[in-house]
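Quick note on our numbering: the sequence shown kicks off at 29 and runs consecutively.
Note that beta-carbon positions come from the ideal geometry of N, C-alpha and C, so glycine has one too.
Worksheet: the structure to be examined is printed underneath.
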Amino acid sequence: MDAGDALVEAIKPIARATHRPGVLAGVGGFGAMFQIPPGQYKEPVLVSGTDGVGTKLKLAIELDHHDTIGIDLVAMCVNDIVVQGAEPLFFLDYFATGKLARARDPRIIAGIGAGCRQAGCALIGGETAEMPGLYADGDYDHAGVAVGVVEKSKIIDGTAVRAGDVVIGIASSGLHSNGYSLVRRVLQLSGAKLDQPFDGRALGEALLTPTRIYVKPLLALMRALPVHACAHITGGGLPGNVPRVLPQTARAVIEATRWQRPAIFDWLQARGNIDDAEMYRTFNCGLGMVVVVRNDDAERAVALLNQHGEQALVVGHIEPYAGTDWENEAVVIRP
Numbered sequence: 029m030d031a032g033d034a035l036v037e038a039i040k041p042i043a044r045a046t047h048r049p050g051v052l053a054g055v056g057g058f059g060a061m062f063q064i065p066p067g068q069y070k071e072p073v074l075v076s077g078t079d080g081v082g083t084k085l086k087l088a089i090e091l092d093h094h095d096t097i098g099i100d101l102v103a104m105c106v107n108d109i110v111v112q113g114a115e116p117l118f119f120l121d122y123f124a125t126g127k128l129a130r131a132r133d134p135r136i137i138a139g140i141g142a143g144c145r146q147a148g149c150a151l152i153g154g155e156t157a158e159m160p161g162l163y164a165d166g167d168y169d170h171a172g173v174a175v176g177v178v179e180k181s182k183i184i185d186g187t188a189v190r191a192g193d194v195v196i197g198i199a200s201s202g203l204h205s206n207g208y209s210l211v212r213r214v215l216q217l218s219g220a221k222l223d224q225p226f227d228g229r230a231l232g233e234a235l236l237t238p239t240r241i242y243v244k245p246l247l248a249l250m251r252a253l254p255v256h257a258c259a260h261i262t263g264g265g266l267p268g269n270v271p272r273v274l275p276q277t278a279r280a281v282i283e284a285t286r287w288q289r290p291a292i293f294d295w296l297q298a299r300g301n302i303d304d305a306e307m308y309r310t311f312n313c314g315l316g317m318v319v320v321v322r323n324d325d326a327e328r329a330v331a332l333l334n335q336h337g338e339q340a341l342v343v344g345h346i347e348p349y350a351g352t353d354w355e356n357e358a359v360v361i362r363p
């Protein structure tokens, strides 16, 4: 209990550094309170998302590198809600372990603070659970919840998508936080070591590159022009996530030659003998976010995203679909 109290005290300044207008009560109470910004919305709709980091945690534990796992956690939640047009307001996390570690745990929470600052949302609460006997020595799990708000009339749900629209891809920072069970299997079978050189750094460092947070550039884009759809490319890859924001009268045609796939994906595919379909189904393959806009807005959209520090480019288009197997044909990836 003393260790838990000490961790809460360490969290408080991290949380305060993320506060934004609207925070009424944060870390320390039974419940955190946040006021929807008054006067900004006529019909505010709350949008929530929850996620974890998955087995990427196993690599972080093995390497004793915990500083950026919190960024991954925030990213996986806020990237999910911003695609619907929502501005993230606040974030809560759940941290569970067998035994609290004073040298490790504040580093994890500091990563959450960094992620919240990148997303512009406030860390206002959470839960720390010490459960000896349930978790092996040194293991922990981490989950989070992000809550945002969007004007009802400005919700982005894909219903505006039309044939002739353009598909814009935004570069990922690497694997993000998906496919790590397969990654760990490839490491095991190939005999690769996490400290071996890879593309100018250690392989383990490349695998732990934190998930990119797209919130601020996407919100700027949404304020500047009509966005017909956005898809966060997580588990399921392009074939599994793009259809979630398409009407069944349309499909996306994506040209794989339009973007440069980061070297880590080529390494995994070669070492694991993974076919192309499985690569696209498991990993983001270099695109962490996809945006659909009108053809007339495409050039402006790409320029704006790049001005905000992203690597964005046109990767495909939307065409009519009149077939009978939309679930399997909603996305066509041309090599």
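Taking the alpha-carbon positions, what's the residue i to residue j distance?
i: I346; j: V75; result: 27 angstroms
i: W287; j: A326; result: 16 angstroms
i: S200; j: P290; result: 9 angstroms
i: A88; j: D303; result: 27 angstroms
i: G268; j: D165; result: 35 angstroms
i: V281; j: M61; result: 44 angstroms
i: I183; j: L246; result: 13 angstroms
i: G337; j: P160; result: 44 angstroms
i: G232; j: E355; result: 36 angstroms
i: G143; j: V102; result: 6 angstroms
i: R132; j: C105; result: 23 angstroms
i: A34; j: G153; result: 15 angstroms
i: E90; j: P116; result: 32 angstroms
i: L217; j: V81; result: 23 angstroms
For residue i, count the other beta carbons within 10 Å of its own beta carbon; 16 or more makes it buried, fewer makes it exposed. Which is it?
i: F58; result: exposed
i: P238; result: buried
i: L162; result: exposed
i: N206; result: buried
i: N107; result: buried
i: D294; result: exposed
i: P271; result: buried
Spatial neighbours of residue i within its chain, please: C-beta separation below 8 angstroms, excluding the five flanking residues on both sides.
i: R145; result: A45, T46
i: Q339; result: I198, A199
i: Q224; result: A230, L231
i: Y349; result: Q276, T277, A278, R279, E357, A358
With 8 angstroms set as the bound, which would you pick, yes or no: does the beta-carbon of residue i sit closer than that to a beta-carbon of chain C?
i: H47; result: This model lacks chain C altogether; it includes just one protein chain.
Please list, in chain order, all residues of the same chain as residue i whose beta carbon is under 6 angstroms from its beta carbon, the five residues on each side excluded.
i: T96; result: G139, P238
i: Q63; result: G50, L52
i: D169; result: A124
i: T83; result: Y208, S209
i: H94; result: A88, R132, R135, I136
i: V110; result: V243, L246
Please work out which residues of its chain come closer than 7 angstroms, Cβ to Cβ, to residue i, disregarding the five sequence neighbours upstream and downstream, and give them in chain order.
i: A365; result: With the chain running from 29 to 363 in the structure shown, residue 365 is simply not present.
i: A114; result: V75, G176, V177, V178
Problem - Continuous beta strand (DSSP E) assignments of at least 3 residues falling wholly in the segment 76-146 - result: Every unbroken stretch of the beta strand (DSSP E) spanning 3 or more residues and falling wholly within the segment 76-146 is given here in chain order: 115-125.
Handout entry: the segment 114-121 in contact with the segment 256-276 per 3-pair CB rule at 8 angstroms
Key = no
Practice task
Let me know the alpha helix (DSSP H) ranges lying completely inside the segment 300-332, each 4 residues or longer, listed in chain order.
Solution key: Runs found: 304-310.
Exercise for the section: Please go through the segment 219-298 and give each complete beta strand (DSSP E) segment of 3 or more residues, from N-terminal end onward. Expected result: 257-260, 278-283
Problem - contact_flag[the segment 306-321, the segment 184-201] where n(CB pairs < 8 angstroms) is 3 or more - result: yes
Problem - Validate contact between the segment 204-212 and the segment 65-72 using beta carbons, cut 8 angstroms, 3 pairs - result: no
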